[in-house]
Amino acid sequence: MKAYAITEAGGAPAVTEIEIPEPDEGEVRVRVSAATVNGFDLAVAAGFMAGFFEHRYPLVLGRDFAGTVDAVGPGVADFAVGDRVFGVVSKPHLKEGSIAEYTTVPVESAAAAIPDGVSDTTAAALGHTGTTAIASLAPLDLDGATILIVGATGGVGVLATQLAVAGGARVIATGRTEEGRALLEEFGAEAVDYTIGLDAAVRPLAPDGVDAALHFAGVATEISPLVRDGGVFISPLLYSPDMFGDDRLQFVPIAAYPDRATLERLAALVDAGELTVVIDREFVLDDAADAAGAFGHHTIGKLVVSTGG
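Going by full-length UniProt numbering, the first residue of the sequence shown is number 1, and it counts up by one from there.
Written out as structure tokens, the structure reads:
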């Protein structure tokens, strides 16, 4: 099969031919139709995850996926060949990934059915980012809280903004472009232009400090002073209080782990029109490196790689 993979330790990812994986017990094999690029993929490619996960080669990049069940492993009763599914490739090691023609996933933790009214492209952009958005908001009492979301036009931020507003929060959300800020305002946020300086953009709207900040982009030390004493600083980008350094606040690192119930909740929200997945651009599998290169360059929403499944 064709896959966007790292073939050896220290190598650069490239589209290459590798063997089609077989599903283990409790897994299904998915003929992938669409996948997305996440910051995690860039971290793996740069070698930053070497101390956290076992790496097995060839190592296929990609976490989010959508597609059709192609084969069922032993012990799987809830899915059958031909079922449309989406989710997150989540295993204790790194090898099988989603930016490929096929992948394998454990059904209990990493796969859910795609509702008939949701496209594969939309579903592919939902799993990892949606799980991270929900996990980032879980520590907060949203109703009536003022929350700052930095990186609000990214894949996670767009979903977190909508979920926070739906939960009753007042959301101050950062965006670089007029287009991005207009989108955030459509979702009910107060959008600010961080390029004038984060303090200058946010402080007039929350002179006494926000109740919580969600750190999806930017520099933590520029964000934390905008949170009131005793407030909450939530980050999927930092994993230790030593990396944060502001003891006025409660620091909550986020490591989002998918489960079927969360995936089903996300799919139901999208199907009901209560959550909008934003796609910035689509790429074909042969151009997966271009998709990875575009990540973080002021995109609005997700970058999708269509794999032809």
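Ideal Cβ placement from N, Cα and C applies to all residues, glycine included.
Based on DSSP bridge pairs, tell me the residues matched to residue i.
i	result
Leu303	Arg281
Asp41	Answer by DSSP bridge pairing: none, since Asp41 is not bridged.
Pro106	Glu27
Lys91	Answer is none; Lys91 lacks a bridge partner.
Phe295	Looking at the DSSP assignment, Phe295 forms no beta bridge with any residue, so it has no partner.
Gly67	Val32, Val85
Tyr4	Val15
Val118	Looking at the DSSP assignment, Val118 forms no beta bridge with any residue, so it has no partner.
Ala100	Ala3
Val60	Ala5
Ile149	Ala173, Leu214
His55	Leu94
Ala112	Phe86
Val72	Val28
Taking buried to mean at least 16 other C-beta atoms within 10 Å of its own C-beta, is residue i buried or exposed?
i	result
Ala77	exposed
Thr195	exposed
His240	His is not the amino acid found at residue 240; the sequence shown has Ser there. Looking at its Cβ environment, which holds fewer than 16 other Cβ atoms inside 10 Å, Ser240 is exposed.
His298	exposed
Pro204	exposed
Asp247	exposed
His93	exposed
Pro139	exposed
Val74	The residue asked about is misnamed: residue 74 is Pro in this sequence, not Val. By the 10 Å Cβ count, Pro74 comes out exposed.
Pro13	buried
Asp211	buried
Ala135	buried
Thr221	exposed
Val150	buried
Thr177	exposed
Glu54	exposed
Glu101	buried
Gly293	exposed
Gly273	exposed
Asp64	buried
Val284	exposed
Below 8 Å on the Cβ atoms is my guess for residue i versus residue j; work out the distance and round it to an integer in Å.
i	j	result
Val69	Thr307	With 8 Å as the limit, Val69 and Thr307 do not qualify as a contact, their Cβ atoms being about 15 Å apart.
Leu126	Phe86	6 Å
Pro253	Ser235	6 Å
Glu96	Val60	6 Å
Gly231	Gly209	6 Å
Asp120	Ala35	The Cβ separation is near 10 Å, so there is no contact.
Asp199	Arg181	Contact doesn't hold; Cβ gap of about 18 Å is too wide.
residue 310	Ala66	Nothing can be reported for residue 310: it is not among the residues displayed for the chain, which extend from 1 to 309.
Ile18	Glu179	Not quite, the Cβ-Cβ distance comes to about 38 Å (not below 8 Å), so this is no contact.
Ala110	Val89	7 Å
Leu148	Gly167	Leu148 to Gly167, Cβ: 15 Å. No contact.
residue 310	Leu237	In the structure displayed, the chain extends from 1 to 309; residue 310 sits before or after that span and is not available.
Ala164	Gly175	So it is not a contact: roughly 15 Å between Cβ atoms.
Ala169	Ala145	5 Å
Gly82	Tyr4	Wrong, their Cβ atoms sit about 26 Å apart, outside the cutoff.
| said: Can you confirm whether the region 283-300 touches the region 253-269 when touching is taken to mean that 3 or more C-beta pairs between the two stretches lie within less than 8 Å? | reply: Not touching, per the Cβ criterion.
| Start-end ranges of the beta strand (DSSP E) lying completely within the region 208-288, minimum 3 residues | Whole beta strand (DSSP E) segments, 3+ residues: 210-215, 227-235, 250-253, 279-284.
| request: Within the region 152-204, note down every full alpha helix (DSSP H) run reaching 4 residues or more, in order along the chain. | output: Listed in chain order, the complete alpha helix (DSSP H) runs (minimum 4 residues) inside the region 152-204 are 155-166, 178-186, 198-202.
| So does the region 4-16 actually touch the region 256-263, counting three or more Cβ pairs closer than 8 Å? | Touching, no.
| query | With contact counted as at least three CB pairs below 8 Å, one residue from each stretch, are the region 24-37 and the region 90-105 in contact? | reply | Taking 8 Å as the limit for Cβ pairs, the verdict is that the region 90-105 does touch the region 24-37.
| said: So, does the region 152-166 touch the region 274-283, judging by three or more C-beta pairs under 8 Å? | reply: Contact holds between the region 152-166 and the region 274-283, because three or more Cβ pairs, one in each stretch, are under 8 Å apart.
| task | Count the C-beta pairs between the region 11-22 and the region 113-127 that are closer than 8 Å, then say yes if the count reaches three, no if not. | result | Here the region 11-22 does not lie against the region 113-127, with fewer than 3 beta-carbon pairs under 8 Å apart.
| Would you call the region 211-218 and the region 141-154 in contact, with 3 or more CB pairs under 8 Å? | Per the Cβ contact rule, the region 211-218 is in contact with the region 141-154 (3 or more Cβ pairs under 8 Å).
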